[in-house]
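Novice: In our numbering, the protein residues as written are 107 to 524. Heads up, the beta-carbon is just placed ideally off N, CA and C, and yes, glycines get one too. Next up is a structure, given as structure tokens.
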Amino acid sequence: MSEQQEQEQSDKQKYEFRKVIEELKDYQGSGTQLVSIYVPEDKQISDVVAHVTQEHSEASNIKSKDTRTAVQDALTSIKDRLRYYDNTPPENGLVLFSGAFDTGGGRTDMVTKVLESPPDPIESFRYHCDSEFLTEPLEHMLADKGLFGLVVLDRREANVGWLKGKRVEPVKSASSLVPGKQRKGGQSAQRFARLRLEAIDNFYQEVAGMANELFVPERHEMDGVLVGGPSPTKDEFLDGDYLHHELQDMVLGKFDVAYTDESGLYDLVDAADDVLAEHEMLQDKEVMEEFFKQLHDGEKATYGFDQTRKNLNMGAVEELLISEDLRKDVVAYTCENGHDEYELIDSNTETESHGCTRCAATVDADDGEREDAIDHLMELADQRGTETVFISTDFEKGEQLLTAFGGVAGLLRYSTGV
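Right, here's the structure in full:
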């Protein structure tokens, strides 16, 4: 599988996970009766079944009959799903959700969802029972990922580490031998100043050596370097070109940070929040800039479901642009005269009868074939060798893709006039 295909498969999986998470977040239990279980890939399924069996037994002590029944029903449903697996979970683990949620009027309905092979490995086994499903660990996995080098330093100490996705990993630290500003008796002020500058220079070289050793081997996978500390230390360090020249070119910014121990790495990430958010959207912005350029000055842009779908069928779309917040279904209708037509509708609306625009024949709602619009478009894109790009709505042009262009657009290989 090519790198592009792997990325598209990953994007599609993330989209499917997001849909399930959005659905799960809408469910509310009348009591602590919604069960979430996170299973790492090294956890034996038999151990999970034993844990579920134990929880089922302990649930008999719940005072509320309705809550007791709901929890035990949820655990029974999860136990039934676990029977489909061998003794080990799929790669990266397994997440199971089950419980009775309120549907209004004192009534409830049962839901059970199983998500296999999440984007990142599940780190530890977790059993959770509450009035809401536990989705936060999955949401963190689906957040935009990145790999950034972190450096915090003052003239006393320094720490270097990684920012991997949302996780800070301290790796190396160093303490300096830089003397204080007060010289010892018998030393001339000039000699003391020279020795102090040499010590500072040596310490900066030591810090750069730590950073170079950690970052240079990964420089082609990194998204940037962040440097923090008090002024003028961080400025002297960067202005002195101590870092490897390729790392120097990757510095995204320098930030005021009060602490330079391990906690300073976390402070650095907080201080660089705006820069990191901007960087996450950089690729999306570049794609949308090209789309608007073609829309205004060229002929290689298409937008809207119908036009984009036609261009996809022609094999003319180089990049399919889909808003991350698009939540639509497509209904395919074939009238009695053999005319095929497609209609885009909101995911939460009922399918209605359709009047053929070519011959006015009516197609009953039950005769329409309905599927998720993104799945429909991505399947067409895959058949035509088209790259699919999901666009965030967290910036102006990304929001415009959803609100002004229907959440679907494309950059064309050639002008089609459609």
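Would you mind sorting Pro338 into buried or exposed? The rule is 16 or more other CB atoms within 10 Å of its CB.
Specialist: The residue given as residue 338 occupies position 232 in the sequence shown. By the 10 Å Cβ count, Pro338 comes out exposed.
Novice: Using 10 angstroms around the beta-carbon of Leu303, count the other beta-carbons present and answer buried if the total reaches 16, otherwise exposed.
Specialist: Mapped onto the sequence shown, residue 303 falls at position 197. So Leu303 ends up on the exposed side.
Novice: For the alpha helix (DSSP H) that Met484 lies in, which residues bound it at each end?
Specialist: Position 378 of the sequence shown, counted from the start, is the residue given in the question as residue 484. Start and end: 479-489.
Novice: What residue from Phe254, Ser142, Ser230, Val257 has the CA that sits closest to Gln239's CA?
Specialist: Here the question's residue 239 lines up with position 133 in the sequence shown. It should be pointed out that residue 239 corresponds to Phe in this sequence rather than to Gln. For Phe239, the nearest C-alpha among the options comes from Ser142.
Novice: Between Tyr310 and Phe343, is the Cβ-Cβ spacing less than 9 Å?
Specialist: Taking the first residue of the sequence shown as position 1, residue 310 is located at position 204. Taking the first residue of the sequence shown as position 1, residue 343 is located at position 237. Taking a C-beta distance under 9 Å as the contact criterion, Tyr310 and Phe343 qualify as a contact pair.
Novice: Could you tell me if Leu54 is buried or exposed, where buried requires 16 or more neighbouring beta carbons within 10 angstroms of its beta carbon?
Specialist: Given that the chain is displayed from residue 107 to residue 524, the structure contains no residue 54 and the question cannot be resolved.
Novice: Label Thr509 either buried or exposed according to how many other C-beta atoms from any shown protein chain fall within 10 Å of its C-beta, with 16 as the threshold for buried.
Specialist: Residue 509 sits at position 403 when you count from the first residue of the sequence shown. Answer is exposed; the Cβ neighbour count stays below 16.
Novice: Identify the continuous beta strand (DSSP E) that holds Gly504 and give its terminal residues.
Specialist: For the purposes of this step, residue 504 is taken as the residue at position 398 of the sequence shown. First-last for Gly504: 502-509, but that is the alpha helix (DSSP H), not the beta strand (DSSP E).
Novice: In terms of alpha-carbon separation, which member of Ala422, Arg415, Gly330, Glu352 lies closest to Val381?
Specialist: On the sequence shown, residue 381 is found 275 positions in, with the first residue counted as 1. Here the closest residue by C-alpha is Gly330.
Novice: Please go through the same chain and pick out, in chain order, the residues whose beta-carbon is closer than 6 Å to the beta-carbon of Trp268, but skip the five residues on each side of it.
Specialist: Within the sequence shown, residue 268 is the residue found at index 162, counting from 1. Counting only Cβ-Cβ distances below 6 Å, and skipping sequence neighbours, we find Glu275.
Novice: Suppose you measure from the CA of Val524 to the CA of Ile428; what does that come to, to the nearest Å?
Specialist: In the sequence shown, residue 524 corresponds to position 418, counting from 1. In the sequence shown, residue 428 corresponds to position 322, counting from 1. Using only the alpha carbons, I get a separation of about 19 Å.
Novice: How many Å lie between Asp401 and Gly135 at the Cα?
Specialist: Counted from its first residue, the sequence shown places residue 401 at position 295. Counted from its first residue, the sequence shown places residue 135 at position 29. The displayed chain sequence assigns Leu, not Asp, to residue 401. Roughly 48 Å between the two C-alpha positions.
Novice: By the 10 Å Cβ neighbour count, where 16 or more other Cβ atoms means buried, how is Ala295 classified, buried or exposed?
Specialist: Along the sequence shown, read from residue 1 onward, the residue named residue 295 stands at position 189. When all chains shown are included, Ala295 counts as exposed.
Novice: My parser needs the alpha helix (DSSP H) runs of 4 or more residues fully inside the stretch 134-205; what are they?
Specialist: 151-164, 171-188
Novice: Go through the stretch 405-468 residue by residue and report every complete run of the alpha helix (DSSP H) that reaches 4 residues or more, in order.
Specialist: 411-419
Novice: Take every Cβ of the stretch 475-495, pair it with every Cβ of the stretch 434-444, and state whether three or more of those distances are shorter than 8 Å.
Specialist: yes
Novice: Since Leu200 and Val220 are thought to touch, with beta carbons under 8 Å apart, how far apart are those beta carbons, to the nearest angstrom?
Specialist: Sequence index remark: in the sequence shown, residue 200 carries index 94 (1-based). Sequence index remark: in the sequence shown, residue 220 carries index 114 (1-based). Right, the Cβ-Cβ distance comes to about 7 Å (below 8 Å), so this counts as a contact.
Novice: Could you tell me if Ala299 is buried or exposed, where buried requires 16 or more neighbouring beta carbons within 10 angstroms of its beta carbon?
Specialist: By one-based count along the sequence shown, residue 299 stands at place 193. Ala299 is exposed by the Cβ-count criterion.
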